[in-house]
């Protein structure tokens, strides 16, 4: 293997390792925040929230956090245990390549919201 080929392979390996770390951190954030949500809601509501996130996960979801405020506009979500969400949706220029991206806030007890980004 010549030096140029070896350097290219090293760069690809470094990139792959960095992306693995990045996605592991995103998953860790998701688990930690959902563990906090589990302390606030019933198992039924938690299951409904996780199902909703999994549906959104057909896109890309990240940056989970608990907040005491929300943005966006209210949107009914029939068939969920939380009945509605707040969505701040945008179009065009999404880093993930999709036309739609934004933030979702799911209402929780005690004046809290589960916020996450989707793309």
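In the working numbering, the protein residues as written are 33 to 151.
The beta-carbon is built from N, C-alpha and C at its ideal position, and this holds for glycine as well.
As the structure is a computational prediction, the values presented were derived from the model and not from experiment.
With H, G and I counted as helix, E and B as strand and the rest as coil, what does DSSP make of residue i?
i: residue 123; result: strand
i: residue 100; result: coil
i: residue 106; result: strand
i: residue 114; result: coil
From which residue to which residue does the beta strand (DSSP E) around residue i run?
i: residue 141; result: Unbroken run through residue 141: none, as it is neither H nor E.
Who are the near neighbours of residue i in its chain, counting only those whose CB is closer than 6 Å to its CB and skipping five residues on each side?
i: residue 103; result: 120
i: residue 149; result: 94, 95, 135
i: residue 137; result: 102, 118, 145, 147
Residues in its own chain within less than 8 Å of residue i by CB, not counting five upstream and five downstream?
i: residue 115; result: 108, 109
Counting along the chain, where does the alpha helix (DSSP H) carrying residue i start and finish?
i: residue 91; result: Here residue 91 belongs to no alpha helix (DSSP H), and DSSP marks it neither H nor E.
If contacts are defined as beta-carbon pairs under 8 Å, then residue i and residue j qualify, I think. What distance do you get, rounded to the angstrom?
i: residue 78; j: residue 67; result: 10 Å between Cβ atoms; not a contact.
i: residue 139; j: residue 72; result: Not confirmed; about 11 Å, so no contact.
Considering only residues of the same chain and omitting the five flanking positions on each side of residue i, which have a CB-CB separation below 7 Å?
i: residue 123; result: 131, 132
i: residue 106; result: 116, 118
i: residue 58; result: 94
With contact counted as at least three CB pairs below 8 Å, one residue from each stretch, are the stretch 40–55 and the stretch 77–89 in contact?
no
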